[in-house]
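First up is the structure itself, then whatever we jot down about it.
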Amino acid sequence: MSLSRRALPTGSRVLLIDDFMKAGGTLRGLINLMDEFECTVVGTGVLIETGWPEKKLIDDYLSLIYLQEVNVEEEKVIVRPADWITA
Numbered sequence: 007m008s009l010s011r012r013a014l015p016t017g018s019r020v021l022l023i024d025d026f027m028k029a030g031g032t033l034r035g036l037i038n039l040m041d042e043f044e045c046t047v048v049g050t051g052v053l054i055e056t057g058w059p060e061k062k063l064i065d066d067y068l069s070l071i072y073l074q075e076v077n078v079e080e081e082k083v084i085v086r087p088a089d090w091i092t093a
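Position one of the sequence shown corresponds to residue 7 (this note's numbering), numbered consecutively onward.
Structure (structure tokens):
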């Protein structure tokens, strides 16, 4: 990952949003990059997260949709609102 120093001023407050998270590597990399820029990450979020792997590389994030199952043979995809996990 790279980002021009001119693109983000030192000390910025940043909200990171990813479209799809499996293990969280992209967000982990972005968080590390923001540390290099001396910026504060004020929140992290994802549109869709998978249930596998169960252990993610980041802990504190908000997810909107939980991809529970993909079955190619049966042509079945099960998605749920992410808050159903804690309900």
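Idealized CB from N, CA, C, for every residue including glycine. Just so you know, these numbers come straight off a predicted model, no measurement behind them.
Give the list of continuous beta strand (DSSP E) stretches no shorter than 3 residues that lie fully inside the stretch 54 to 90. 68 to 77, 82 to 87
Whole angstroms is fine: what's the gap from T32's alpha carbon to D24's? 8 Å
Straight-line Cα distance separating R86 from I71: 6 Å
Residue from K62, S8, T56, V83 whose Cα sits closest to the Cα of F43: S8
Just to confirm my understanding: we take A29, look at its own chain, exclude 5 residues before and 5 after, and list those with CB closer than 7 Å. What are they? P59, K62, L63
Euclidean distance between Cα positions of D47 and V78: Inspection of the sequence shows that residue 47 is occupied by Val rather than by Asp. When rounded, the distance between both Cα atoms is 37 Å.
Relative to the alpha-carbon of Y67, which residue among E75, L53, R12 has its alpha-carbon at the smallest distance? The shortest CA-to-CA distance from Y67 to any of E75, L53, R12 is the one to L53.
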